[in-house]
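Reviewing the structure listed below.
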Amino acid sequence: MFKKIVSVTAILIVIISISVYVYLKSFLPDYNETLFAPGLKGNVMVERNRFAVPTISAQNDDDLYFAWGYVNAQDRMFQMEFTRRVAQARISEFAGESTIKTDYFLKAMGFYDIAKRDTRSMSPEIKNYLQRYVDGINYYLNKNGVPLYMKLMGLKKEKWEIADATAVAMMLNWSLTYNMKHELLYHRMGEKIGKEKAKALLNFIPANTPTIMEDKMAFNMDNKQFSTISKEFAWLLGSKSASNNWVVGPEKSAYQGNLFSSDMQVHDSKMPNDFYLIRVKSKNHDAVGAQVVGLPFIVSGYSHKFAWGLTNNGADMVDLFSENIDWEAKTYRYQGADYPLNSKEIEIKVKGKDPVKKVVYYVGRKPVLTESFPDLGFDVSLDWAGFDKINVEGFFHLNHAQNHDEFIRGAKMIRMAPQNMVYADTKGNIGYRVIGSLPLREKGTGNIIQNGEEHKSNWKGNIANEDYPQITNPDRGFIATANNKVLKNANFDFNPTYAPGYRYENIVRMLRNKENIDVDYFKKMQTNTYSVLAPKIQAFAKKYVSAESKIEKEAFESLMTWDGYNRKTSAGASIYNTFYVRLFSQILNDDIGEELAAEYIISRYISQETLFKLLKDGSNFIDNLSTPRLESLGDIATAAFKESLDMLENIFGNSNIESWHWGRIHQIKFDHVLGKSAILKPMVNYGPFPFEGDSETNNRARFYEAKPPFIANLASAPRIIVKFDPEPRGYMMLITGENEYFLSKHNTDMTDAWLKHEYFSVEEEETVYKMVLKPE
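Per our numbering, residue 14 is the first one in the sequence shown, and the count goes up by one each step.
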């Protein structure tokens with residue numbers, strides 16, 4: 014009897030397991046289906062390669078954008094839905110009361126209101142493209158229902174509108190703005206050690222910082238052919254973005270035309286990442302590359318005429334203001350007079366609770382965000398250049414451009430967080446142009462919180478298009494950007510936060526004297542792990558570190574003989590990166606505290622060169638205030654080196670320095686928003702994996718820890734290379750797979766290839782899947 018019960022139980026378990034598996038498999042998209050869809054004028058073919066990267070071929074643009082929406086929904090419906098709910102400030106509807114403050118901030122900022130406003134002002138042509146795109150999304154939802162991940166979060170089907178797509182642009186625009194957190198950090202440091210002492214920690218840009226536009230090439234228009242917010246969702250509101258792009262002209266290329274490279278670094282440890290690889294073709298339209306999911310245009314890639322890629326420019330787009338508000342009278346003080354606050358009632362729906370009703374107050378257009386930043390101790394408002402017109406229509410024109418004039422016209426139209434755009438064309442031209450918003454800074458530095466009583470805004474309009482930095486066909490035969498400084502001298506100040514120039518220097522080092530450059534060389538450049546900063550740290554250690562014990566001498570020798578390449582198997586890289594963060598921790602911990610010091614040190618764009626300046630100037634920050642003696646730079650450097658070795662020995666569990674491989678303490682991982690659940694974590698998360706590179710290498714692997722182990726939180730999401738020979742052909746790879754669903758083999762297949770530095774070519778790949786959309 015017992016055996017019979019066991020047998021029946023086993024059979025039931027098998028049946029249930031099979032049933033569950035069949036149910037879960039039912040949420041996989043059918044890449045080989047034939048559909049009869051409403052509104053189509055002709056047949057649309059969707060062919061996918063071995064990575065499920067789609068090529069959509071349509072007879073007209075209306076059908077193309079419909080299919081584009083359907084295809085995006087097949088692979089990323091949950092991601093798109095999640096993003097639009099965030100933009101709509103509806104996180105608490107599924108996350109509960111822990112995110113009410115986040116929703117309050119989002120509603121106060123009015124991202125979705127801006128999206129609706131800018132939708133109304135769109136041209137009929139672009140509005141129609143977006144309408145057909147959301148029609149395709151809605152058709153997918155009506156036909157297939159909501160995907161499993163939406164069910165798990167309790168998200169019901171809701172019709173997509175054009176504003177939902179443009180809301181994705183609003184969130185993208187905000188995510189590319191990282192100055193606000195620096196203002197808050199400077200304020201906290203000023204509160205801790207006094208404003209005068211904290212001034213020494215303000216962003217410092219050395220005079221010899223390399224610039225994108227060298228003095229001799231500036232504006233060279235020679236033309237060959239053409240005339241405290243919730244930490245749970247900080248990653249959505251955050252600002253971890255960087256990139257590299259470069260291009261060489263025909264004189265340095267191994268081909269008949271240009272060679273172009275772009276890798277946008279906005280990984281942020283997410284599964285899936287924000288980008289999606291796609292090719293779209295219609296009668297007069299053929300574009301390939303990376304789109305931001307939810308926006309139907311290529312942001313980095315190429316058409317049959319041009320290739321283009323973006324890096325963040327770093328211009329300051331956000332300012333905070335301390336306000337003098339009389340809450341009883343509901344007025345604010347400005348230049349000696351009182352003015353009434355504007356207000357807006359909002360309602361936040363909360364899962365399992367009654368809706369929360371609040372009032373958001375405004376100083377002019379600036380939301381008062383005292384509730385979001387209660388630790389400041391005063392009323393604070395926020396001004397953002399995004400409150401002015403946001404315009405992404407220009408990207409559509411970049412994608413469709415048939416000639417240079419149309420391409421540049423599209424570039425000039427774009428209004429968003431400013432970007433460094435590098436481009437190339439089929440006629441042998443290469444160029445650079447800043448695109449986006451460059452607000453003209455009238456007052457204030459933007460580094461610190463401003464006094465709202467003195468002025469309402471630091472900006473007055475936008476810099477004229479003709480004053481935007483631009484280059485065409487420089488004499489040296491190449492252009493490169495790496496978030497670094499644009500100009501040595503400019504007629505305007507947009508208070509940018511630049512990356513230190515080390516990545517840029519390495520790119521230029523590899524291009525300047527190289528000829529006959531081919532695709533394989535560009536692949537090596539994109540995945541290069543050499544740090545130009547390394548010799549600087551090695552020279553400092555050689556001068557100031559005293560190694561006494563056996564392990565200290567061995568580690569010092571390992572650091573001194575290290576070649577500067579952050580390979581996964583390198584022990585020197587482990588010692589170097591740990592020493593870097595512990596050196597500056599030793600300098601600052603006693604002054605501003607360990608937490609603030611760590612936050613400042615990892616904000617490398619504002620801290621790195623400033624800290625080197627402190628070392629050079631013999632700052633009073635060098636002395637350790639917690640001891641009675643006056644420490645020298647040698648004392649601090651030696652203490653940091655010894656502390657680094659103690660940490661590494663503890664992590665590796667031995668004193669065998671040769672085994673201290675960088676990849677064991679420096680890893681990359683891919684976490685899904687649902688991975689916070691212990692049950693779902695092993696299914697939806699991927700990794701971690703040992704990873705090479707560091708914060709200053711071409712193969713970017715920026716970490717945000719001030720002590721080991723380290724997580725590569727910022728890495729190149731799409732790697733794209735385009736050769737013109739003479740027609741364009743692309744080679745690319747994405748950091749995560751096209752499909753978001755854990756059971757899909759296309760969830761992590763590109764991750765595995767990306768980790769191995771592999772690429773594929775859309776033009777050279779065989780078709781593995783074929784889907785046809787036909788008129789009803």
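Even glycine gets a Cβ: it sits at the ideal position worked out from N, Cα and C.
Return the bridge partner residues of I724 from the DSSP annotation. Q680
Which class does A255 belong to by DSSP, given the choice of helix, strand or coil? strand
Pull up the CB-CB distance for H674 and S583, whole angstroms please, since I reckon it's below 8 Å. 7 Å
Would A303 and P731 be called neighbours here (beta carbons separated by less than 8 Å)? yes
Which residues in the same chain have their Cβ closer than 6 Å to the Cβ of M193, if we skip the five residues on either side of it in sequence? V331
Please work out which residues of its chain come closer than 8 Å, Cβ to Cβ, to I615, disregarding the five sequence neighbours upstream and downstream, and give them in chain order. V594, F716, Y717, E718 and A719
Which of the three DSSP states, helix, strand or coil, is assigned to Q101? coil
Mind the definition here: the region 636-653 touches the region 539-549 only if three or more C-beta pairs lie below 8 Å; say whether that holds. no
Can you tell me whether DSSP reads I24 as helix, strand or coil? helix
Here's the rule I'm using: 16 or more other beta-carbon atoms within 10 Å means buried, otherwise exposed. How should F49 be labelled? exposed
Here's a check: name, in chain order, each residue in its chain whose Cβ is nearer than 6 Å to the Cβ of G750, leaving out the five neighbours to either side. H759, N760, T761, D762 and M763
May I ask you to report which of helix, strand or coil DSSP gives V545? coil
Contacts around T651, its chain only, beta-carbon distance under 6 Å, and the 5 residues preceding and following it disregarded: V558 and S559
Tell me, which residues are paired with W397 by DSSP? V331
Return yes when the Cβ of Y268 is within less than 8 Å of the Cβ of D738, no when it is not. yes
Quickly, what does DSSP pair P380 with across the bridge? List them, please. Y375
Which of helix, strand or coil DSSP assigns to L168: coil
For F6, which residues from the same chain have a beta carbon less than 7 Å from its beta carbon, with the 5 sequence-adjacent residues on both sides left out? Summary: the structure shown does not reach residue 6, with the chain confined to residues 14 through 789, and so no result is reported for it.
For the ligand ZN, is there a heavy atom less than 7 Å away from the beta-carbon of K294? No copy of the ligand ZN occurs in the structure displayed, which carries no ligand at all.
Backbone secondary structure at P509 - three-state DSSP: coil
Could you give the DSSP three-state label for K783: helix, strand or coil? strand
Tell me the residue span of the beta strand (DSSP E) that contains Q843. The question about residue 843 has no answer here: the residues shown for the chain are numbered 14 through 789.
Could you spell out where the beta strand (DSSP E) holding Y744 opens and where it closes? P741 to L747
Where I615 falls: helix, strand or coil (DSSP): helix
Going by DSSP in three states, M230 sits in which element: helix, strand or coil? Unreliable positioning characterises M230 in this predicted model, as indicated by a pLDDT of 44, which lies under 50. A coordinate reading is not provided.
Within 10 angstroms of the Cβ of P487, are there 16 or more other Cβ atoms? Answer buried if so, exposed if not. buried
With 16 as the cutoff for other CB atoms within 10 Å, does S266 come out buried or exposed? buried
Whether H417 touches D74 by CB criterion (8 Å): no
Under a Cβ-count criterion, where at least 16 other Cβ atoms within 10 Å of its own Cβ denotes burial, should A178 be classed as buried or exposed? buried
Spatial neighbours of A554 within its chain, please: CB distance less than 8 Å, with the 5 preceding and 5 following residues excluded, ordered by chain position. F569, L572, M573, F592, A650 and F654
Below 8 Å between beta carbons: does that hold for Y117 and I461? no
Do E336 and V376 count as a contact pair if the criterion is CB distance below 8 Å? yes
Alpha-carbon spacing of S639 relative to A211, whole angstroms: 19 Å
Taking E384 as the reference, which of G490, K120, E518 and E565 has the closest Cα? K120
Are V435 and V499 closer than 8 Å when you measure CB to CB? no
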